[in-house]
Amino acid sequence: MAQAEPTPGAGAAGTIYDLGYQGYDGPRRGRRYALWSLYVLSVRNAFGIGRGALPKVMAFVLLLFAHSLAIIQLILGAVLPVDEFEFVSPEDYYGLIQFILVLFVAAIASDIVGNDRRTNTLALYFSRPIERDDYALAKIAALCSGLLALTVLPQLLMFAGNALGASDGLDWVRDNADELPRIIASGVLLCLAFGSLGVLIASYAERRAFAMISVIAIFLVSFTVVGVVVSEIDNDQMRWAIFLSPLHVVDGSTHYIFDALPAVDELSRRGEPADQVAWADFPGYVWPFALLATSVVASALVVRRYRGSV
Numbered sequence: 218m219a220q221a222e223p224t225p226g227a228g229a230a231g232t233i234y235d236l237g238y239q240g241y242d243g244p245r246r247g248r249r250y251a252l253w254s255l256y257v258l259s260v261r262n263a264f265g266i267g268r269g270a271l272p273k274v275m276a277f278v279l280l281l282f283a284h285s286l287a288i289i290q291l292i293l294g295a296v297l298p299v300d301e302f303e304f305v306s307p308e309d310y311y312g313l314i315q316f317i318l319v320l321f322v323a324a325i326a327s328d329i330v331g332n333d334r335r336t337n338t339l340a341l342y343f344s345r346p347i348e349r350d351d352y353a354l355a356k357i358a359a360l361c362s363g364l365l366a367l368t369v370l371p372q373l374l375m376f377a378g379n380a381l382g383a384s385d386g387l388d389w390v391r392d393n394a395d396e397l398p399r400i401i402a403s404g405v406l407l408c409l410a411f412g413s414l415g416v417l418i419a420s421y422a423e424r425r426a427f428a429m430i431s432v433i434a435i436f437l438v439s440f441t442v443v444g445v446v447v448s449e450i451d452n453d454q455m456r457w458a459i460f461l462s463p464l465h466v467v468d469g470s471t472h473y474i475f476d477a478l479p480a481v482d483e484l485s486r487r488g489e490p491a492d493q494v495a496w497a498d499f500p501g502y503v504w505p506f507a508l509l510a511t512s513v514v515a516s517a518l519v520v521r522r523y524r525g526s527v
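Heads up: the sequence shown begins at 218 in the numbering used here, then just goes up one per residue.
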């Protein structure tokens, strides 16, 4: 290390050292690469990769629970002497694991956006080529991608298992090929809605516990309240309240996509969420559009949130 001569009159405190700093001459990958890196990092964080033991355990336990119905169906289909076996139908699958999905969104959303706020790293991110909009959309995309592992993947696993268990797998695939786009469409719509809503709610909570409680409350409390209101208040105008419950809208969208909306009878108003959706008597295509609109509005609010934050 070379030492320069002290500046006259400056004293020892004014000594200047040549530390040998050099400029960066490597490739500059720009905004697109920075955005991709942020997305990949967020997906890794969603499953606890590169983090401590607790986030890993939490993510993979929820992942295992979400796949449990698919695993049971595959085992029973392999053991039972029937050509086709369906332990759970595709349109009912998300309703059965909705609590697991809400827990996953609550835990992961509070991590992938909350950690950056708690550690004050947002300013560091925004000093890079990415824009604030990029950051918000990358976080939503990461949570949606994580949710695909709990929604579409188990359904595809069941589809493949049923094909392998059939006496003629090729014929079974031909007869049921129309289920594949329905599985993907219903799963993607669910992931978009849950991912955008989860990031929106978590972006307003400073503490992880508050974020988790807020996400769970908004999903499950709205589901419970809307179910009670619809079943107990005998008023046709109450059908509009169903749009206040994301879980009801998901049920309606999924059953419509699989062409499985239940028939309406005198007990539908007090029945399962799918029965209440059918009782509301909206055109079936309204439900997937409502789910998509929820995703768009929630994503726009997330972008607005980060445009105004540090």
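Each residue gets a CB set at the ideal place from its N, CA and C atoms; glycine is no exception.
Rounded to whole angstroms, the Cβ separation of V319 and F436 is 5 Å, and the two are in contact under 8 Å. Counting C-beta pairs closer than 8 Å gives fewer than three between the stretch 380-398 and the stretch 355-365, which falls short of the contact rule. Three or more beta-carbon pairs separated by less than 8 Å link the stretch 408-427 to the stretch 361-375, which places the two stretches in contact.
Look at Y352 here: in three-state DSSP terms it is helix.
Judged by DSSP in its simplified three-state form, T232 adopts coil rather than helix or strand.
Look at the beta carbons and you see the stretch 266-284 not touching the stretch 424-444: under three pairs across the two are nearer than 8 Å.
Here H465 is near F440, since their CB atoms are less than 8 Å apart.
The C-beta separation of D498 from G312 comes to about 20 Å, leaving the pair out of contact by the 8 Å criterion.
If you draw a straight line from the Cα of A491 to the Cα of S344, it comes to about 47 Å. Collapsing the DSSP output to three states places E489 in coil.
Going by DSSP, R399 is part of the alpha helix (DSSP H) stretching over E396 to A419. Using a 10 angstroms sphere on the CB of L381, the tally of other CB atoms stays under 16, which defines it as exposed. Going by DSSP, I430 is part of the alpha helix (DSSP H) stretching over R425 to I433. With a contact defined as Cβ atoms closer than 8 Å, Y310 and L271 miss out at about 28 Å. The beta carbon of L414 lies closer than 6 Å to those of A515 in the same chain, with the five residues before and after it left out. Straight through space, the alpha carbons of I347 and Y421 are spaced by roughly 21 Å. In the structure shown, T336 falls within a coil segment according to DSSP collapsed to helix, strand and coil. By alpha-carbon distance to R399, the top candidate from A263, L258, E308 and L280 is E308. The straight-line gap separating the alpha-carbon atoms of F376 and L478 is approximately 21 Å. If you compare the alpha carbons of S306, G331 and R524 with that of L373, the shortest gap goes to S306. D328 has its alpha-carbon roughly 37 Å from the corresponding atom of L293. Per DSSP, the unbroken alpha helix (DSSP H) holding Y310 starts and ends at P307 to L313. When the five nearest sequence neighbours on each side are left out, the beta carbons in the same chain lying within less than 7 Å of the beta carbon of A458 are those of V443, V446 and V447, in order along the chain. At least 8 Å separates the beta-carbon of A323 from that of M455. Inclusion of D350 and V520 in the CB contact set at 8 Å is warranted, their separation being smaller than that value. G525 and R425 do not touch by the CB rule: their CB atoms are close to 22 Å apart, not below 8 Å. Here the alpha carbon of N379 sits roughly 15 Å from the alpha carbon of V369. Inclusion of I317 and F282 in the CB contact set at 8 Å is warranted, their separation being smaller than that value. In the assembly as shown, V438 is an exposed residue. Its beta-carbon has fewer than 16 other beta-carbons within 10 Å. A direct Cα-to-Cα measurement between H472 and T338 gives close to 42 Å. If you look at P244, you'll find it isn't in any alpha helix (DSSP H); DSSP assigns it neither H nor E. Taken through DSSP and simplified to helix, strand or coil, G265 comes out as coil.
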